[in-house]
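S.K.:
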Amino acid sequence: MKPFFPTVKAIQYEGPGSKNPLALKWYNAEETIAGKKMKDWLRFSVAYWHTFKGSGSDPFGAATLLRPWNTGKDAMAAARNTLMASFEFAQKLGVDYYCFHDRDIAPEGATLKESNRNVDEIARLALRLQKDTGVKLLWNTANLFSHPRYMHGAATNPDAHVFAFAGAQVKKMLEVGKLLGAENYVFWGGREGYDTLLNTDMKRELDHLAAFLQMAVDYAKKIGFKAQFLIEPKPKEPTKHQYDFDAATVIGFLGAHGLDKHFKLNIECNHATLATHTFEHDLTVASDCGMLGSVDANRGDLLLGWDTDQFPLDVYSATLAMRVIVKQGGLGSGGLNFDAKVRRGSIDVEDLFIAHLGAMDAFAKGLRVAAKMMKDGALEGFIEGRYESYDFGLGARIESGKATLAELEAYVHKHGEPKRFSGRQELLENVLNQYLFG
Ligand code: XLS
Ligand code: NI
Ligand code: NI
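Numbered by our numbering, the letters in the sequence shown go through residues 1 to 438 in order.
(1) State yes or no: is the C-beta of E192 within less than 9 Å of the C-beta of D244?
(2) Output yes if chain D places a C-beta closer than 9 Å to the C-beta of S346; else output no.
(3) Quick one: what does DSSP say A23 is sitting in, helix, strand or coil?
(4) According to DSSP, simplified to helix, strand and coil, what is Y214?
(5) Pull up the distance between the alpha-carbon of G305 and that of L274, whole angstroms please.
(6) Is the region 159-172 in contact with the region 22-29, if contact means three or more CB pairs nearer than 8 Å?
(7) Quick one: give me the first and last residue of the beta strand (DSSP E) that A47 is part of.
(8) Alpha carbon to alpha carbon, how far is V324 from G109?
(9) Where does Q439 fall in DSSP's three states?
(10) Comparing alpha-carbon positions, which option in P148, N20, L198, G177 lies nearest G190?
(11) State the start and end residues of the unbroken beta strand (DSSP E) segment that holds I267.
(12) By DSSP's criteria, I231 is part of a beta bridge. Which residues make up the other side?
(13) Give the range of the beta strand (DSSP E) segment to which H152 is assigned.
(14) Return the Cβ separation of L283 and A321 in integer angstroms, given the expectation that the two are a contact with Cβ distance under 8 Å.
(15) Quick one: residues with CB closer than 5 Å to any heavy atom of ligand 2, in chain order, please.
(16) When burial is assigned at 16 or more other CB atoms within 10 Å of the CB, is K53 buried or exposed?
(17) Here's the rule: buried if 16 or more other CB atoms are within 10 angstroms of the residue's CB, otherwise exposed. What is I223?
(18) Closer than 8 Å to a non-hydrogen atom of ligand 3 - does that hold for the CB of H415?
(19) So the candidates are R386, M360, Y411; which of them puts its Cα closest to the Cα of L42?
(20) Using a threshold of 9 Å, state whether the C-beta atoms of A106 and N118 are closer than that.
(21) Under 8 Å: do the region 89-105 and the region 351-369 share three or more Cβ pairs, one atom per stretch?
(22) Using 8 Å as the cut-off, classify the Cβ of H147 as near or not near the heavy atoms of ligand 1, replying yes or no.
(23) So is V295 buried or exposed if we call it buried at 16+ other beta carbons inside 10 Å?
(24) Please determine, among V285, M173, M215, K236, the residue with the shortest C-alpha to C-alpha distance to Q328.
(25) In three-state terms, what does DSSP make of V295?
(26) What residue range is occupied by the uninterrupted beta strand (DSSP E) comprising H101?
(27) Looking only at its own chain, which residues have a Cβ that is under 7 Å from the Cβ of D309, when we skip the five neighbours before and after it?
(28) In the DSSP assignment, what residue or residues form a beta bridge with N337?
(29) State the CB to CB distance for the pair F216 and H257, rounded to an integer number of angstroms; the pair is presumed to be in contact (CB under 8 Å).
(30) Quick one: which unbroken alpha helix (DSSP H) runs of 4-plus residues sit fully inside the region 293-378? Chain order, please.
(31) For Y48, which residues in the same chain have their Cβ closer than 7 Å to its Cβ, ignoring the five residues on either side in sequence?
(32) Buried or exposed: V369, going by 16 or more other Cβ atoms within 10 Å of its Cβ?
(33) Can you tell which of I33, T276, E426, P68 has the C-alpha that lies nearest to the C-alpha of L379?
(34) Would the C-beta of V250 count as close to ligand 1, meaning under 8 Å from any of its heavy atoms?
(35) So, helix, strand or coil for L197, using DSSP?
(36) So what does T32 bridge to, in DSSP terms?
In structure tokens, the structure reads:
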């Protein structure tokens with residue numbers, strides 16, 4: 001078998017002083033940080049759709065990323081080649097996981113039967129390659145948004161026939177996930193949302209979505225597929241309003257429909273920022289509820305209002321994200337999936353490696369800094385001190401639910417005006433910079 005990346009050898013860790021663009025500077029897989037190997041904290045994953053299927057086309061121009069594995073008229077031959085390229089890539093990069101949609105790995109056929117046959121054939125090859133290489137499936141999912149049948153949504157489509165098609169696709173992907181030992185299964189509500197309320201019964205659509213998710217939970221149980229189910233929030237794009245708006249909205253929805261014990265969240269940076277949150281905000285909301293399951297690690301652009309899915313090379317943001325992840329002790333069965341694409345001008349296959357390496361290094365550096373800050377109590381000490389009035393007396397009574405409004409009133413009569421304390425934001429920002437650059 002001829003390699004697809006003949007110019008790239010297995011990537012090595014060379015440390016921060018290295019000038020080699022195809023080497024790791026901060027990510028040293030086997031090194032232990034805060035009691036765990038870096039590879040076990042970070043659990044990096046390559047996103048099949050961007051890295052192997054991304055064409056670089058945009059609304060103004062045609063494909064620029066012409067890949068050797070994606071050529072030829074025989075769609076199944078291209079699918080097999082793409083799969084083999086993906087395993088060679090992950091192995092050379094030194095990443096243990098990958099993620100895919102059904103329609104990324106195998107072409108859609110004329111009927112559901114034909115599509116399923118295509119998926120099954122490629123899944124069998126994937127199983128063999130997983131065994132040969134040790135690369136594992138972080139999560140799989142169904143593409144319920146690209147085909148025109150899903151133009152009005154999938155589980156929230158006004159037509160039950162389309163709902164059924166979506167269910168059939170998910171059924172097959174749960175079976176494939178079980179076959180390949182997927183550690184998680186993701187639901188991203190691709191077109192679950194609306195463009196105008198003039199034609200939409202929002203309540204009914206949300207009830208349908210809940211029924212759909214329940215069916216998936218039931219089927220996974222029936223076939224013994226034990227993956228962690230994840231919902232990936234996104235506020236807009238492709239619809240004007242996506243139902244899985246942000247972490248808080250999804251957690252509320254799951255609770256209201258009795259689904260919360262079956263799901264966690266897959267938080268994507270660029271989706272959080274589209275919802276006018278920071279990445280670390282949505283991670284914190286999910287983590288505080290015990291529902292942070294996995295991460296789509298990417299980045300948006302401050303000046304662009306859509307999901308640009310850039311590689312997460314911003315160390316500042318990666319550090320704040322790792323702070324949340326380290327605090328909760330890791331991502332469990334989840335990982336950091338690079339749901340990111342090279343820019344359409346970055347046309348060489350080496351660019352794919354360089355982009356991933358940079359992102360791995362950004363999160364590795366983030367992990368190192370976050371773990372060190374945590375160990376020193378650099379921020380945590382300050383935060384704890386800030387709330388210390390709740391550790392005793394009146395504050396402790398408030399936290400335990402024993403205090404009453406009358407008691408609060410009596411307290412103020414006795415103690416008068418509260419003393420004011422500085423929030424010290426600039427000081428803490430300086431501390432963070434010192435850890436990052438010191
Ligand atoms: C799109 C989403 C998608 C999901 C998987 O914005 O990020 O790529 O991660 O369906
Ligand atoms: Ni994503
Ligand atoms: Ni996205």
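Beta carbons are placed, not taken as given, at the ideal position from N, Cα and C, and that holds for glycine.
M.R.: This is what the structure holds:
(1) yes
(2) Judged by its chain identifiers, the structure shown contains no chain D, having just a single protein chain.
(3) strand
(4) Note that residue 214 corresponds to Gln in the displayed sequence, not to Tyr. Q214 falls in the helix class under three-state DSSP.
(5) 7 Å
(6) no
(7) 44-47
(8) 43 Å
(9) The chain is shown only over 1 to 438; residue 439 falls outside these bounds and no answer can be derived.
(10) P148
(11) 263-268
(12) F187, L265
(13) Segment: none, H152 is in no beta strand (DSSP E) and carries neither H nor E.
(14) 6 Å
(15) E268, D296, D339
(16) buried
(17) exposed
(18) no
(19) M360
(20) yes
(21) yes
(22) no
(23) buried
(24) V285
(25) strand
(26) 97-101
(27) H50, N270, N298, D339, A340, K341
(28) S45, D296
(29) Note that residue 216 corresponds to Ala in the displayed sequence, not to Phe. Between H257 and A216 the Cβ distance is about 13 Å, and since that is not below 8 Å, they are no contact.
(30) 315-327, 349-376
(31) S86, Y98, C99, F100, D104, I105
(32) buried
(33) E426
(34) no
(35) helix
(36) K37
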